[in-house]
Amino acid sequence: MERGRAVAAPPPSEVSDSLKTSKLNPSRMAVSLKDVDPAFQGAGQKARPNTQDFKVLPTRESTYAYLGQLFLNNPHSGLEIWRIENFCPVLMESSSHGKFFTGDSYVILKTTALKNGSLQHDIHYWLGKDTSQVPFARSSLNHDDIFILDTTSKIFQFNGSNSSIQERAKALEVVQYLKDTYHEGKCEVAAVEDGKMMADADAGEFWGYFGGFAPLPRKVASEGDRKAYSSYMKLLCVDKGQTSPVEAESLTRKLLDTYKCYLLDCGAEIYLWMGRSTSLAQRKAASSAADELLLEPPRPHACVIRIIEGFETVTFRSKFDQWPQKNDAVVSEESRGKVAAFLKRQGLNVKGLDKASPVHDEPQPYIDCTGNLQVWRINGKDKNLLSSSDQCKFFSGDCYIFQYAYPGEIKDENLIGTWLGKKSNEEERTSAISLANKLVENLKSQAVLARFYEGKEPIQFFSIFQHLIVFKGGVSSGYKNFVEENSFVDDTYSEEGIALFRVQGSGPENMQAIQVEPVASSLNSSYCYILHSGNTVFTWSGSLTTSVDQELVERLLDLIKPNVQPKTQKEGTEIDQFWSILGGKSEFPSQKIGKEPENDPHLFSCSFLKGRKLEVTEIFNFTQDDLMTEDMFILDCHSDIYVWVGQHLDPKLRQQALSIAETFIEKDFLMENLSRELPLSIIVEGCEPPFFTRFFNWDYAKSAIHGNSFQRKLTVVKNGATLSEKPKRRTPTSHIGRSTVPDKSQRSSRSMSFSPERVRVRGRSPAFNALAANFENPNSRNLSTPPAQRKPSPKPVLLDSAKVAPKSSAISSISASFERPKETMIPKSIIPKSLKVSPENNKPKLEVNAKGSITPLSSKIDTPTKDAKESEAENEVGLLIFPYERLKTTSADPAKDIDVTKRETYLSSVEFKEKFGMTKESFYNLAKWKQNRLKIALQLF
């Protein structure tokens, strides 16, 4: 691109250059390296994390908008580009990425590291033609497109009167690139609206470069014609180079024959679908037919997208009314192994072809759990507010609404949710959704609306409730009427009857008791259970349970049967009475009940054709800036669905957000076999919760900018990349536990069920009771396991020995056995194999203090707090340290005798923080897949 010339930025619905794409997955592609050009040897080994995937919208973006997203956001990681010179590919330097010449052609390879550890490759080729840069003349301007004029001190963006707000916002990405690249970010930016006269200062200056203002000729086609053209769709079958229309009432997958090629003509895009069983001659003939179709008027800026059967894109599948869930293009593990072995013999990296086991991490709630909670039970068409002691007790036959108010980043936020029991009836489900919508309206739509089904709840739901009990049956009028009308047996929970509860959760702030059928087959070796028959209570621990699981049984028993001593049972040692209550022994499973895993997130923009048919376009390498206030977007994480609604979206579409999301789940564009009962959240712009913003590098200051998408982005471009600081939140008060908004008759806290007046001691010896009485708060509840404390642990400080209350000799003798020093346990996976640690040297040295108690020398505290750098330096004593340049996978002088799977452990603390932007401790607190992505980006994986 030459300086001082006008640059046309065509709208996103049109493409000014021929950009062709194909998507390959190493586990599915056939490989032949017999005729591979030497320039491509070793390609595809540079990967970048999928959360920072490149934005490739070949059918929707202009050339420069495409470049701005593909190259400018992160120009180096996972991207390789070759320019064709004399019919041969030549690898380009990374510094030249994003600079294309209209007289050349390019091949682009993007390598992405997926969440499961495998690699995905996207291949694009770009054929330049002289349409991106236009002559510097008034005649080049028109009403349809957007033009950018780059001068010495100012950049002008001319917006054609027929261009959309979204198109204008996208064109500003080119302006930002020009400003940063050629002006060092220090030039003025001006927007000139088509039709503005000389009275406007910026418009007058702009037209001055063209010799003065003169009206532009009107376009031939109307805006209505353009919209009609964009919604045009026709399926053509290609036979011996000739096309013939496929007659059908609607487009379905069955119309595509694996032995033929087809053209799906969508006006601005032409999709060439090639069956897997077609010959090379058929594909060449179909390509020629597609090129001829491009030449038919009026088809400005159209392009061809080639698709092989089994690798259809989401956008392509969304054009069809029906598409089967099963993907036939699957390669067996045996074939995978053969391909990997072949590539290894060629000296290539085959990590992407290796079978990778999915990473399962403990999910995080990503929400502040110190807010206020209110819960209503649906009773017919009404809702009844529950007391604090009952708001965590649900029935499977009922529906519930909850309102959770919590402190957000810059203001208090609200989450309105519905919980629909498995046995609830459709009438009360409808009432629950309707009443929840009214609550959102009462909050002026400044709240997130969520819909959860029993058994499909996300982690943030459980974290909000902290402890939850789900009983069988129901108590609402709707459930009672439904059971009576259908002559069903009412199995509603009774304290005097027989009941079996499965205990699950990760800790005191996330624990549930789910009532299941009281039979032996309901047991599972991975869980603990509570069984009661009247006042006879058993607790049962499976052979695969942990001490945490057993602690949760104690806590939940205090809610279900608070004043009864249980009989403890372990798997394999049960007494006959236990089996008798369950109706006899039987086989039961041992694996934990699986939850839908969270996969790599996919963002889709929603558009609606004639008849309000939903069509989605996937946005790659998505950022916060892609969420335009005039549109609706859907974020699919496989385990959750989020619908983002812009403030300037058509109100009719806003009201249909829930039904649109249900249609999206039904269509299942990613062919994930999505459950119809997935957690679903409707998020209004400006009320984004942290469990949504975590998928973005979120800047809350951008939410404070007013106006449409173009006006907001123009503010950012004019003022620079750094926005004004976000408003500082008031300092929240300290929370030991979360409170609720109680009803009038009750003003107790949410921990009401753990009553301090109710003292229960289970099997404690007199000595243990004496010891416990010395340490426990006399006003606290005497639990066999201590209650959860939500208050953060204070920093360690020195205690004045003179002020410590002396222990009695009896207590001292008993407590001495509890004061043995504990060795610090370091996971073996973190220590490189090459590091040899002597067991003797690893033992802490002990000394006896003046009072006779034993303490490790390493635990002596000389100061109240330790400096972080000093602490990290101590951790590095005895560890091998190498510079970053020697630890990279591409190092010319690689470090020897290291564990290549733990390269990052050999970095010094200073260099580690410089490269990763965090301490080692913070890094190892991340989920494993997040660690791997950061390591991939730094070439340490």
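Residue numbers (UniProt numbering): 1 to 941.
In this text, a Cβ means the ideal position worked out from N, Cα and C, and glycines have one as well.
Predicted model only: the values in this text are computed from it and were never measured.
Measuring straight from C-alpha to C-alpha, what distance separates residue i and residue j?
{"i": "residue 914", "j": "residue 888", "result": "15 Å"}
{"i": "residue 713", "j": "residue 214", "result": "29 Å"}
{"i": "residue 363", "j": "residue 594", "result": "13 Å"}
{"i": "residue 104", "j": "residue 98", "result": "13 Å"}
{"i": "residue 470", "j": "residue 315", "result": "41 Å"}
{"i": "residue 163", "j": "residue 615", "result": "21 Å"}
{"i": "residue 320", "j": "residue 241", "result": "24 Å"}
{"i": "residue 654", "j": "residue 645", "result": "7 Å"}
{"i": "residue 949", "j": "residue 699", "result": "In the structure as shown, the chain starts at 1 and stops at 941, and residue 949 therefore has no counterpart that could be examined."}
{"i": "residue 239", "j": "residue 286", "result": "8 Å"}
{"i": "residue 266", "j": "residue 234", "result": "7 Å"}
{"i": "residue 719", "j": "residue 211", "result": "30 Å"}
{"i": "residue 86", "j": "residue 599", "result": "43 Å"}
{"i": "residue 681", "j": "residue 204", "result": "48 Å"}
{"i": "residue 597", "j": "residue 571", "result": "29 Å"}
{"i": "residue 931", "j": "residue 904", "result": "10 Å"}
{"i": "residue 691", "j": "residue 452", "result": "15 Å"}
{"i": "residue 455", "j": "residue 191", "result": "52 Å"}
{"i": "residue 473", "j": "residue 397", "result": "5 Å"}
Would you call the CB atoms of residue i and residue j closer than 8 Å?
{"i": "residue 395", "j": "residue 421", "result": "yes"}
{"i": "residue 101", "j": "residue 149", "result": "no"}
{"i": "residue 322", "j": "residue 252", "result": "yes"}
{"i": "residue 538", "j": "residue 566", "result": "yes"}
{"i": "residue 629", "j": "residue 685", "result": "yes"}
{"i": "residue 399", "j": "residue 434", "result": "no"}
{"i": "residue 607", "j": "residue 633", "result": "no"}
{"i": "residue 679", "j": "residue 450", "result": "yes"}
{"i": "residue 581", "j": "residue 533", "result": "yes"}
{"i": "residue 304", "j": "residue 295", "result": "no"}
{"i": "residue 526", "j": "residue 545", "result": "yes"}
{"i": "residue 557", "j": "residue 530", "result": "yes"}
{"i": "residue 507", "j": "residue 553", "result": "no"}
{"i": "residue 464", "j": "residue 367", "result": "yes"}
{"i": "residue 631", "j": "residue 649", "result": "yes"}
{"i": "residue 302", "j": "residue 268", "result": "yes"}
{"i": "residue 617", "j": "residue 696", "result": "no"}
{"i": "residue 135", "j": "residue 107", "result": "no"}
{"i": "residue 524", "j": "residue 431", "result": "no"}
Among all the DSSP beta bridges, which residues are the ones paired with residue i?
{"i": "residue 119", "result": "113"}
{"i": "residue 376", "result": "385, 401"}
{"i": "residue 603", "result": "619, 635"}
{"i": "residue 83", "result": "90, 106"}
{"i": "residue 190", "result": "156"}
{"i": "residue 207", "result": "Bridge partners of residue 207: none, in fact."}
{"i": "residue 890", "result": "Partner(s): none; residue 890 has no beta bridge."}
{"i": "residue 252", "result": "322"}
{"i": "residue 645", "result": "632, 684"}
Tell me whether residue i sits in a helix, a strand or coil according to DSSP, three-state version.
{"i": "residue 162", "result": "coil"}
{"i": "residue 749", "result": "Since pLDDT at residue 749 reaches only 35, below the 50 mark, its modelled position is unreliable, and no value is offered."}
{"i": "residue 126", "result": "strand"}
{"i": "residue 547", "result": "helix"}
{"i": "residue 589", "result": "coil"}
{"i": "residue 393", "result": "strand"}
{"i": "residue 698", "result": "coil"}
{"i": "residue 568", "result": "strand"}
{"i": "residue 234", "result": "strand"}
{"i": "residue 306", "result": "strand"}
{"i": "residue 885", "result": "helix"}
{"i": "residue 265", "result": "strand"}
{"i": "residue 916", "result": "helix"}
{"i": "residue 597", "result": "coil"}
{"i": "residue 323", "result": "coil"}
{"i": "residue 945", "result": "Coverage of the chain is limited to positions 1 through 941, which leaves residue 945 absent and any answer about it impossible."}
Looking at residue i and the ligand GTP, is the gap between the Cβ and the nearest heavy atom below 7 Å?
{"i": "residue 519", "result": "The ligand GTP is not part of this structure, which contains no ligands at all."}
Problem set entry | Length-filtered (3 minimum) beta strand (DSSP E) runs lying within the segment 402-473 | Under the rule that a run must span 3 or more residues, the beta strand (DSSP E) segments found entirely inside the segment 402-473 read 412-420, 448-453, 467-471.
Exercise. What are the uninterrupted segments assigned as beta strand (DSSP E) that are 3 or more residues long and contained completely in the segment 490-515, given in chain order?
Worked result: The segment 490-515 contains these whole beta strand (DSSP E) runs: 498-507.
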